[in-house]
Each structure stands twice: as C-alpha cells, then as structure tokens.
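Peer 1: Take this structure, written in structure tokens, and hold onto it; I'll ask about it next.
Numbering (the working numbering), first residue to last: 138 to 803.
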C-alpha cells in the first residue's frame, strides 16, 4: 500500500539528510597530557579523562547577551602542536551578533606531567549588555554523590555533588574545587582565575553536567561592558595520584553494544504530539499518516486572554476528532476573570474530548524574574471548579511551562490540588552542537527522576519535548524577530534529519525508563513537527524540507504505534553517546529501535537473551528519500536479519528490528 498522493521529494545533500545542514561537522582531535586525554572540538576541550574515567566534561569560552542567547565564536586562529604526550593549542576568536562584539586570544596547554591550563585574554569591541563572558567548566554527572572541597575567599568549604537535581547553586565563591577522580585512586583539582566563580546543576535544563562559571548570579545582571574593556581568565586542571597513573597509548573505546533485559519491563506510557500553530487543518494525507502514528493525545496551548480562544478550541477539537485523540490543554488563565467561567460553559454539553488540563497564569513577559511560569493555587482551583460545573471529569494539574528548573525552584506549588505534575524540556538551553544535544538524553532522565520526588506520587506528564525552546523564559530585553535569512529561534533544521530521529529514540528510552506517565513530543505538522506542511513553506535554504514530506522522526512514532498498550523493555547501552536504543514488547512480539548517534559507520552487536530477531528495516541516508516521500510504502519493508552478525549502521541511521520471544522448547 502506498500513500494516495505521495509528494515528489528531491534528493537532499547527504549532510542535510544526516544532520540538517549542508556543512561539515567540526573536526574532533584526541589530545594527551601525560595520563590525561581530551578531545578538542571547535576550540572546546571535551571529555577530559584519566585511565578511562571522565573527570571534566567540557571547558569552553561562553559569551551570552542580556537575553542569555549564546553568541558562537568565529575563529581567526586555530593552531595545534601535539607530540603525543603534551600539546599546545593557540586560538583567536570573535563573537559578534547584534550589538555584541567581543574578541579574544587563548591557549590550551597540556603537559606530560598531567596538567592542562586554559587561558583567555579578551577585549570588548563595542558597548553592549552581557550576562556572561568567560570560561565555563562542565563537570560530568558521574560525580553525583562524591565529596568536593572548595576554596573560597573565606576559606575551605566541604560539600557533595548533588544526586537529586539541586534547584540552586551547590557551591559559590569558588577559587578552586578538588574532588576524587571517580572510582580511581586519584584527586582532581581545578583552579579558576580572573573572576569569582560558582556552580549550578545544569541537569535543571537537561544538560548532563554541573557547570562552574563566572560571574556569580547573585550580582546584578545584565552588565554593560564598554569598548576597549579587557577580560582575562584562566582555568587549570591537575590530577594527583598516590601511585603513577598509566599512560595507555591505545585506550579501549567502549563497544557500542546493546543488551536487552527481557525479564524487566515498564508500561509504554501514552505519547502524544503538540498541535501545529497554523490555522489550516492537516490535509487528508497528513491526517491518515498522523492517525497511523496513533497519538494518545494532542496538546493545545489555550490562552483564555486571547479573544480567539473559542475558535482555537473548536478547531483543535475538530482535529482531535479527526485523529481520534483527546486534547491535552495547556491552559493560561487569570483566576479572577470571566474567561474561566466561559471556558466551563463552553465545555458543558460539548463534545470536546479532553485527556487532561494543565493550568498556568496568563503571560507576563515583562516581569523580571518571570512570574507566569508555574501554577498558582487560585487558578488551579478556579479551573477545577469550572470543569466540575461542566461535568467534565479529567485530571487537572500544572507545574512549569518553561523548564524543569522552574518546577524545581517553585516554593508554593499547590501539589495538594493537583492530579498531575508536568513540565516541558528541550535540548538546547545552553548549547546546540551535536555532542551537547546528545548529552541531554541522560539529563532528561535525571529531571524525571527528580520530578518524581517533587510530584510525591502524582502522575508525571512531560512535554512538550522539542529540539529547541518554544520561547525564551529568561529574556531581559526585547526578543528580536527572525530576519528573512534566519530561522525562528524555536526551529532547528535537524527536525528533518536522521539525527533528529535518533535523538528521539534516546529521549523516549530515557524518559520512559525514568518513570514518565505521559509524554508529548514536537508538533503534528510544520517545521517543528512530524510531517511538513503541503504549502506555504518558507526559508527553504535554511530548512530544506519539501511539501508533505514525512520527517524521519515520524517513523520513530510509527514504530511505537503497534505497541500501544504494550511494554518497554530495558536496554543497556555500552556507549550512550554513540548509540541509543528502545525495546518494545507486546505479547510474544518484540521490536528494537537502534540509533547510531555518530557521523561514522558502526557495527552494533545486540545481545537479547530469550529473543529472536528475524527482520530489519533501516532508516538511513540511502532510504531517506523513500521514507520521507512515501512513508506508508517504506514502512512495509522487511529485510531478513542474519543472526549473530553485528548490525551495521550508517552515520545517524536508525534500524528497526522485529522479532519474538523465543520458544523455550525450540
């Protein structure tokens, strides 16, 4: 069976198919400083490790404007000298965007004795408001629960890297921090110069790290810097051990193998999609494709302060009936106004299918800090009363509509009046490069685990989940509209890429494994969706989609649809930064989604005791055209799987393996 009118999809460049942009990825180079190894990528030092144990996740220079937008560097100098046991990197960079103009010269020096020093000397090129300029040091999540000793101007402070996500800074006024090097007998010391530093728990925003940065956020910001002003900082990393540390010339990389544990499983939770913002209903073709993806609900942001809210609710209700999925409402309302009463009256006697309602205050973008991001008791009570009067019995709750951070920091959340607790998440609050986005998969699981503690037994509804933020909740100045040569800040061209599909596989596995009770991803159609619109496409050089194409991520949810009501089986991944996986079971039927998160071809060995996989369908750069143009026909593909042979995946490919629980008598 094929789609009735499949679109004609012109073959996209291979790099667009892989990761959304027709440009090369930055070079990654492994460097060694005695027993320390690190990866140099785009001027950043990543994954500093000793004897295979990660001790620092990343060191980089950050320039962030008054709205916390990250201004990326343009390198004017990039020189590396490396003799295999020591190295020297010389950098020059310019950060320019709008009125921001900052340039710096820097060095990264690694010695054979096991010390790495990063230095930055910069100068401001124009007057502008900044929230941050300088080094950031990311500490790996594996340090959770380990002790740390911090040097401050007032003396030493002892503490612990938090296990549950800390809502506020675990360490402040830092001149240095020392801690064990994971499970090896060594101690790491990191020293900071040029500013006063402090640490935040970046898992609040799904970054899988703790971040040390300057200047302390207790000081007023944004700060105006002036042309000619100089900024210089230095970070030094040292490792000391009671016995000499080995210098393994050929460190063994963890094999990207998958191990399925079929005896342990959790229910596959309801998974829905956000409703697209355009006014036109999906076409008949798009409706059929979306029905095949079997959304459990459709999320609608309904602002009762918008005079068109009734029109928007009726249109969403019609979409819900077409897709056979109830609405999940993100309801913005003033508890004292008439709108809540009118909302209840509109529901009374109507056939508007509802799954749940999450209640939030009306928008107040000019408040600083924002006061409209978390649920208040009065609005929650008013909405519950309106639903009761309308005879509508659905779960009601709230939480945060910005990030997990706001939920974690809320001090007056009306939990006693909630049936459900929810919050959204995205992969790019702090960084947009591929590795940082991949790292957020683990960070997502950490938020869900901490949120369960906050929810105290309430159902946990996570979403919308997206690649980029829906809006900027931390802006301190005007948020400029995207120009004709820019994408809106909520749009990422990786939405149409294989990488977007693989990241979604990892996200699903992380959040379901951490106990989410319902999930909402992306939107139905458009450049934040599963399927592209069939007309009205713009900025195609930047987002090179084609009318009606099904993005690769569509097939991830299509693969889940037949397992609605089934179970998710745990999968252990040897290298979660390289391979993501999700295993599903319904009766005797088992399905495995395996995603290559790297730009290299990989052989993946799958261990699945008690399961026999016999067919495979691959979503990769060779099948991209068929999968996006005629997804129904593509989904009928089944290729025989050779048992015992590792699964070969092209860069950023996603493979779907189908099989069954083995017969014990076979």
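Quick reminder that beta carbons are idealized off the backbone N, C-alpha and C, glycines included.
When the distance is taken between beta carbons, is residue 435 closer than 9 Å to residue 456?
Peer 2: Locating residue 456 in the chain shown gives position 319, counting from the first residue. Locating residue 435 in the chain shown gives position 298, counting from the first residue. Yes, the Cβ-Cβ distance between residue 456 and residue 435 is below 9 Å.
Peer 1: Grab the span of the beta strand (DSSP E) containing residue 197 for me, first residue to last.
Peer 2: Within the chain shown, numbered from 1, the residue matching residue 197 stands at position 60. Note, residue 197: beta strand (DSSP E), 190–202.
Peer 1: Closer than 6 Å by C-beta to residue 454: which residues in its own chain qualify, once you throw out the five before and the five after it? Chain order, please.
Peer 2: Numbered from its first residue, the chain shown carries residue 454 at position 317. Here the set comprises 489.
Peer 1: Would the stretch 295–312 count as touching the stretch 224–231 if we require 3 or more Cβ pairs under 8 Å?
Peer 2: The answer is no - the stretch 224–231 does not touch the stretch 295–312, with fewer than three Cβ pairs under 8 Å.
Peer 1: Using 9 Å as the threshold, is the C-beta distance between residue 545 and residue 607 below it?
Peer 2: Along the chain shown, one-based indexing puts residue 545 at 408. Along the chain shown, one-based indexing puts residue 607 at 470. It is not a contact, given that the beta carbons lie outside the stated cut-off.
Peer 1: Classify residue 687 as helix, strand or coil using the three-state DSSP reduction.
Peer 2: Taking the chain shown and counting its residues from 1, one reaches residue 687 at position 550. It is a strand residue.
Peer 1: When you compare the CB positions of residue 279 and residue 319, do they come within less than 9 Å of one another, or not?
Peer 2: On the chain shown, residue 279 is found 142 positions in, with the first residue counted as 1. On the chain shown, residue 319 is found 182 positions in, with the first residue counted as 1. The answer is yes: Cβ separation under 9 Å.
Peer 1: With C-beta atoms as the reference, is residue 473 less than 9 Å away from residue 440?
Peer 2: Taking the chain shown and counting its residues from 1, one reaches residue 473 at position 336. Taking the chain shown and counting its residues from 1, one reaches residue 440 at position 303. No.
Peer 1: Can you find the residues in the same chain that come closer than 6 Å, C-beta to C-beta, to residue 496, ignoring five residues on each side of it along the sequence?
Peer 2: Taking the first residue of the chain shown as 1, we reach residue 496 at position 359. Contacts found: 468, 512, 516, 517, 520 and 535.
Peer 1: To which residues does DSSP link residue 286 through a beta bridge?
Peer 2: Taking the chain shown and counting its residues from 1, one reaches residue 286 at position 149. According to DSSP, residue 286 bridges with 295 and 315.
Peer 1: Tell me which residue opens and which closes the beta strand (DSSP E) that residue 232 is part of.
Peer 2: Stepping through the chain shown from its first residue, residue 232 is reached at position 95. Looking at the DSSP string, the run of the beta strand (DSSP E) that includes residue 232 is 224–234.
Peer 1: On the three-state DSSP scale, how would you describe residue 640?
Peer 2: The residue labelled residue 640 in the question sits at position 503 within the chain shown. Helix, per DSSP.
Peer 1: Could you name the residues of the same chain whose beta carbon sits closer than 8 Å to that of residue 526, not counting the 5 residues immediately before and after it, in chain order?
Peer 2: As a first step, residue 526 is located in the chain shown; it is residue number 389 there, counting from the start. Cβ within range, chain order: 481 and 485.
Peer 1: Which residue marks the beginning of the beta strand (DSSP E) containing residue 446, and which one marks its end?
Peer 2: Translated into positions along the chain shown, residue 446 becomes position 309. Unbroken run through residue 446 is the alpha helix (DSSP H), 446–460; no beta strand (DSSP E).
Peer 1: So, for residue 780: in the same chain, excluding its five sequence neighbours on each side, which residues have a beta-carbon less than 7 Å away from its beta-carbon?
Peer 2: Counting from one through the chain shown, the residue named residue 780 turns up at place 643. Taken in chain order, the list of residues that qualify is empty.
Peer 1: Would you grab the beta carbon distance between residue 581 and residue 647 for me? Rounded to a whole angstrom, and I think it's under 8 Å.
Peer 2: In the chain shown, residue 581 corresponds to position 444, counting from 1. In the chain shown, residue 647 corresponds to position 510, counting from 1. Rounded, the Cβ-Cβ distance is 5 Å, consistent with contact.
Peer 1: Considering only DSSP beta bridges, list what residue 178 is partnered with.
Peer 2: The residue you call residue 178 lines up with position 41 of the chain shown. Partner(s): 165 and 181.
Peer 1: Quick one: is residue 767 buried, meaning 16 or more other Cβ sit within 10 Å of its Cβ, or exposed?
Peer 2: Within the chain shown, residue 767 is the residue found at index 630, counting from 1. With 16 or more other Cβ atoms within 10 Å, it is buried.
Peer 1: Could you please give the first and the last residue of the uninterrupted beta strand (DSSP E) stretch that includes residue 733?
Peer 2: Within the chain shown, the letter at position 596 stands for residue 733. Its beta strand (DSSP E) spans residues 726–733.
Peer 1: For the alpha helix (DSSP H) containing residue 579, list its first residue and its last residue.
Peer 2: Here residue 579 refers to the residue found at position 442 of the chain shown. First-last of the alpha helix (DSSP H) with residue 579: 571–592.
Peer 1: Identify whether residue 692 lies in helix, strand or coil by the three-state DSSP scheme.
Peer 2: Position 555 of the chain shown holds residue 692. It is helical.
Peer 1: Between the C-alpha atoms of residue 579 and residue 487, what's the straight-line distance to the nearest angstrom?
Peer 2: The count along the chain shown starts at 1 and reaches residue 579 at position 442. The count along the chain shown starts at 1 and reaches residue 487 at position 350. Looking at the two C-alpha atoms, the distance is approximately 42 Å.
Peer 1: Ordered along the chain, which non-local residues of its own chain (more than five positions away) have a Cβ less than 6 Å from that of residue 833?
Peer 2: Residue 833 lies beyond the stretch modelled for the chain, which goes from 138 to 803, so this question has no answer here.
Peer 1: Can you check whether the CB of residue 596 is closer than 9 Å to the CB of residue 557?
Peer 2: On the chain shown, residue 557 is found 420 positions in, with the first residue counted as 1. On the chain shown, residue 596 is found 459 positions in, with the first residue counted as 1. Cβ distance < 9 Å, so residue 557 and residue 596 count as in contact.
Peer 1: Determine the direct distance from the alpha carbon of residue 399 to that of residue 151, and round the result to whole angstroms.
Peer 2: The residue labelled residue 151 in the question sits at position 14 within the chain shown. The residue labelled residue 399 in the question sits at position 262 within the chain shown. Each residue's alpha carbon lies about 36 Å from the other.
Peer 1: Does the Cβ-Cβ distance between residue 167 and residue 176 come in under 9 Å?
Peer 2: Locating residue 167 in the chain shown gives position 30, counting from the first residue. Locating residue 176 in the chain shown gives position 39, counting from the first residue. The answer is yes: Cβ separation under 9 Å.
Peer 1: Which class does residue 342 belong to by DSSP, given the choice of helix, strand or coil?
Peer 2: Position 205 of the chain shown, counting from 1, holds the residue named residue 342. In this structure, residue 342 counts as helix in the three-state DSSP scheme.
Peer 1: Using the C-alpha atoms, what's the distance from residue 667 back to residue 861?
Peer 2: This structure cannot settle anything about residue 861, because the visible part of the chain is limited to 138 through 803.
Peer 1: Go ahead and label residue 276 buried or exposed: buried means 16 or more other beta carbons lie within 10 angstroms of its beta carbon, across all protein chains shown.
Peer 2: Working through the chain shown from its first residue, we reach residue 276 at position 139. The residue is buried, with at least 16 neighbouring Cβ atoms inside 10 Å.
Peer 1: For residue 531, which residues from the same chain have a beta carbon less than 8 Å from its beta carbon, with the 5 sequence-adjacent residues on both sides left out?
Peer 2: Numbered from 1 along the chain shown, position 394 holds the residue referred to as residue 531. Answer for residue 531: 491, 492, 493, 494 and 524, listed in chain order.
Peer 1: To the nearest angstrom, report how far apart residue 734 and residue 528 are at their CA atoms.
Peer 2: To locate residue 734, count along the chain shown from 1; it is residue 597. To locate residue 528, count along the chain shown from 1; it is residue 391. Distance between the alpha carbons of residue 734 and residue 528 is about 48 Å.
Peer 1: Closer than 6 Å by C-beta to residue 592: which residues in its own chain qualify, once you throw out the five before and the five after it? Chain order, please.
Peer 2: If you number the chain shown from 1, residue 592 lands on position 455. Once the five neighbours on either side are set aside, the close Cβ partners of residue 592 are 558.
Peer 1: Measure how close the beta-carbons of residue 340 and residue 584 come, nearest whole angstrom, since I'm counting them as under 8 Å.
Peer 2: If you number the chain shown from 1, residue 340 lands on position 203. If you number the chain shown from 1, residue 584 lands on position 447. Between residue 584 and residue 340 the Cβ distance is about 6 Å, and since that is below 8 Å, they are a contact.
Peer 1: Which residues share a DSSP beta bridge with residue 440?
Peer 2: Stepping through the chain shown from its first residue, residue 440 is reached at position 303. DSSP lists 469 as partners of residue 440.
Peer 1: Under the three-state reduction of DSSP, which class applies to residue 543: helix, strand or coil?
Peer 2: Here residue 543 corresponds to residue number 406 of the chain shown, with the count starting at 1. Helix at residue 543.
Peer 1: Rounded to whole angstroms, what's the CA-CA distance from residue 791 to residue 644? Just pull it up for me.
Peer 2: The residue you call residue 791 lines up with position 654 of the chain shown. The residue you call residue 644 lines up with position 507 of the chain shown. If I take the Cα positions, the gap works out to 14 Å.
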